[in-house]
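> Before I ask anything, let me first share the structure, which is written out below as structure tokens.
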Amino acid sequence: MSNIEKLLRYQQEDEKLIKIEQEAAASEERKNYVQSKNFMAKAPEKLDQLDARAAEAERTAARLSQKYDELAEALKDFDSLDEMVSNEGAEVSFYKKSALALQEKIKALKGEIASLNAAVKAVDEEYRSFKKKVISVQKQYKESHDVYVAYRDGKKKEMAVIEEELKKLAKDIPAELLAKYQTKRSERIFPIICNINGERCAKCGMELSLAGKEKLAREGVVECENCHRFLYKK
Ligand SMILES: [Zn+2]
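Plus 1 on top of the position in the sequence shown (first one is 1) and you've got this note's numbering.
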């Protein structure tokens, strides 16, 4: 058996391994596990953010409430206004204007406080519902982890059988050639070795250079200059 034939045989077996790897990577078992894992990893940060937002809104609401009280207190000074300035028309209108301005300010502040309180409530609700979700995902996470581990262990067993076969096949292949194959495999090139299509790479379509054609004629195998696959002539 030529080296090419041995390598083809090896690749054929190796393809089974790659299929299992791809299947496992795209499996629902893995997806569910990774999804809940990512959610759980980000949850503490998100809870902290909601917490900080609620605290900030509460602080602002407290500050505005204090301001409101101060203004309400100031407005009281105008209560005795009518007696204070009984006969002087111009001054009365000045004080009245001031009192009205203050009343307007208080009204606006009241509105601000109300909307801030609503915001505090909303953040609080968001926090609580997120926390509920965290608890439910935490449960999912544990379950999906166990399901995934069982699934992965099953796949590992399947893979071990193939790996054993690959070890046997590898014994007959020159180490240097196999090392090159493994390097390409790690670069996710597959298939690694393929039959040449005329004078072109069967996978990427690149035509062989003159030197490439000579090497192929001489050694029976050449690397595609574009995608670096092994090309051989049957
Ligand atoms: Zn190519």
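Backbone N, C-alpha and C fix where the C-beta goes; we use that ideal spot for every residue, glycine too.
Everything numeric in this text was worked out from a predicted model, so none of it was measured.
Roughly how many angstroms lie between the CA atoms of Arg10 and Cys205, to the nearest whole one?
Locating residue 10 in the sequence shown gives position 9, where the first residue counts as 1. Locating residue 205 in the sequence shown gives position 204, where the first residue counts as 1. Each residue's Cα considered, the two are about 22 Å apart.
> Quick test of the definition: if touching needs 3 or more C-beta pairs under 8 Å, does the segment 162–177 touch the segment 4–20?
A contact exists between the segment 162–177 and the segment 4–20.
> Do Tyr142 and Ser37 have their beta-carbon atoms positioned less than 8 Å apart in this structure?
Your numbering for residue 37 matches position 36 in the sequence shown. Your numbering for residue 142 matches position 141 in the sequence shown. A contact, by the Cβ cut-off of 8 Å.
> Distance, Cα to Cα, Ser259 vs Ser137?
One cannot answer for residue 259 here, as it falls past the ends of the chain, which runs 2 to 235.
> At a cut-off of 7 Å, would you count Met160 as near ligand 1, judging by its Cβ distance to the nearest heavy atom?
In the sequence shown, the residue the question calls residue 160 occupies position 159. No, since every heavy atom of ligand 1 falls outside the 7 Å radius drawn around the Cβ of Met160.
> Determine the contact status of Leu103 and Tyr69, defining contact as a CB-CB distance below 8 Å.
If you number the sequence shown from 1, residue 103 lands on position 102. If you number the sequence shown from 1, residue 69 lands on position 68. No, these two residues do not count as a Cβ contact at 8 Å.
> Based on Cα-Cα distance, which residue from Val135, Leu211, Met160, His146 lies nearest to Glu24?
Counted from its first residue, the sequence shown places residue 24 at position 23. Of the listed residues, the one whose Cα sits closest to Glu24 is Met160.
> Output yes or no for whether 8 Å exceeds the beta carbon distance between Gly213 and Val222.
One-based indexing of the sequence shown puts residue 213 at position 212. One-based indexing of the sequence shown puts residue 222 at position 221. No; because the gap between Cβ atoms is not below 8 Å, this pair is not in contact.
> Among the candidates Phe131, Gly199, Glu16, whose CA atom is the shortest distance from the CA of Leu48?
Within the sequence shown, numbered from 1, the residue matching residue 48 stands at position 47. Out of Phe131, Gly199, Glu16, Phe131 has the C-alpha closest to the C-alpha of Leu48.
> So which of Lys106, Lys185, Asp52 has the shortest CA-CA distance to Ala75?
For the purposes of this step, residue 75 is identified with residue 74 of the sequence shown, where counting begins at 1. If we check each option's Cα against that of Ala75, Lys106 comes out closest.
> Hey, would you say Ala44 sits closer than 8 Å to Val124, going by beta carbons?
Here residue 44 refers to the residue found at position 43 when the sequence shown is read from its first residue. Here residue 124 refers to the residue found at position 123 when the sequence shown is read from its first residue. No. Outside cutoff.
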